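*Asks:*
Residue numbers (my numbering): 184 to 392.
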């Protein structure tokens, strides 16, 4: 596993719904071609229009449970008789190819990734300048019920208290400027990973007799 970890890097992006992550990522992808966006693995049957490796990785229950036994999941759960989880297999493959692996996950997911792959992980929390601005954006989308909006705001208040767990904070008050900052963080993640690799090489060299 060490060889895979020494090539690529991981970038975790977190933030409340309505902060502009999706719009920022679109601009981010225009500047990064060699990346892998982490998607879930499931045992349920594909729905019409879904593609393996795009929407989900579709596997058999036997394959999923074998990977559970081999500790190949960052996290997993069984919902309505089907397994869902984040498999380490495609992540390690992408890292081995030198790609930037991107996670768009919440604070709990951030902690899980950090627990297993901390050395090559860089994280950024994205949010609006104020809670009031976040509420305005959620209402402007006109896609959620008032109850859903209030739940999103409640979660945002909880997650903002986890800022100290993240390497960077981006306040999205200007999409273009915020996107450029995210691109810079992505570059830092790759640089950090390359420095980590050199550290391993030096330590190995110094310890050889």
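Note that the Cβ used here is the ideal one computed from N, Cα and C, for glycine as well.
Nothing here was measured: the structure is a model prediction, and the numbers come from that model.
#1: Using 7 Å as the threshold, is the C-beta distance between residue 260 and residue 305 below it?
#2: With DSSP as the reference, label residue 206 as helix, strand or coil.
#3: Any chance you could list the alpha helix (DSSP H) runs of at least 4 consecutive residues sitting entirely within the segment 341 to 373, in chain order?
#4: Using the Cβ count rule (16 or more neighbours within 10 Å means buried), how would you classify residue 199?
#5: Three or more C-beta pairs under 8 Å: does that hold for the segment 240 to 257 against the segment 214 to 229?
#6: I'd like to know whether the C-beta atoms of residue 252 and residue 295 end up nearer to each other than 7 Å.
#7: Is the separation between the beta-carbon of residue 309 and that of residue 344 shorter than 7 Å?
#8: Going by Cα to Cα distance, which pick from 192, 190, 191, 197 is closest to residue 349?
#9: Hey, residue 342 and residue 290: beta-carbon distance below 7 Å or not?
#10: Per DSSP, which residues does residue 225 bridge with? Please list them.
#11: Tell me the residue span of the beta strand (DSSP E) that contains residue 261.
#12: If residue 317 and residue 336 are in contact, beta carbons under 8 Å, what's the gap, nearest whole angstrom?
#13: What did DSSP end up calling residue 211 once you bin it into helix, strand or coil?
#14: Counting along the chain, where does the alpha helix (DSSP H) carrying residue 298 start and finish?
#15: With DSSP as the reference, label residue 197 as helix, strand or coil.
#16: With a Cβ-Cβ cutoff of 7 Å, do residue 286 and residue 195 count as a contact?
#17: Could you work out which residue in 314, 274, 269, 278 is closest to residue 292 when comparing CA atoms only?
#18: Tell whether a beta-carbon distance below 7 Å holds between residue 190 and residue 278.
#19: Give every residue of the same chain whose Cβ lies closer than 7 Å to the Cβ of residue 353, excluding the five residues on either side of it in the sequence, and list them in chain order.
#20: Which residue comes first and which comes last in the alpha helix (DSSP H) that contains residue 322?
#21: Can you tell me whether DSSP reads residue 338 as helix, strand or coil?
*Replies:* Result, derived from the coordinates:
#1: Contact flag unset, no.
#2: Look at residue 206 here: in three-state DSSP terms it is helix.
#3: Entirely contained in the segment 341 to 373, not one alpha helix (DSSP H) run reaches 4 residues.
#4: So residue 199 counts as buried.
#5: By the Cβ test, the segment 240 to 257 is in contact with the segment 214 to 229, since at least three Cβ pairs between them sit closer than 8 Å.
#6: Using a Cβ distance threshold of 7 Å, residue 252 and residue 295 do not count as a contacting pair.
#7: No; because the gap between Cβ atoms is not below 7 Å, this pair is not in contact.
#8: Shortest Cα-Cα distance from residue 349 to any of 192, 190, 191, 197 involves 197.
#9: A distance below 7 Å separates the beta carbons of residue 342 and residue 290.
#10: 241, 267, per the DSSP bridge assignment.
#11: Taken as a continuous stretch (DSSP letters only), the beta strand (DSSP E) holding residue 261 covers 256 to 262.
#12: Indeed they touch by this definition, with Cβ atoms about 7 Å apart.
#13: Helix at residue 211.
#14: Counting along the chain, the alpha helix (DSSP H) containing residue 298 begins and ends at 290 to 300.
#15: In the structure shown, residue 197 sits in a strand (DSSP, three-state: E or B).
#16: Between residue 286 and residue 195, the C-beta spacing is below 7 Å.
#17: Residue 292 has its Cα closest to that of 269, out of 314, 274, 269, 278.
#18: It is a contact, given that the beta carbons lie within the stated cut-off.
#19: Setting aside the 5 residues that flank it on each side, residue 353 is surrounded in the same chain by 307, 309, 361, 364, 365, each with a C-beta closer than 7 Å to its C-beta; the list follows chain order.
#20: From DSSP, the alpha helix (DSSP H) with residue 322 extends over 314 to 324.
#21: Three-state DSSP puts residue 338 in a helix.
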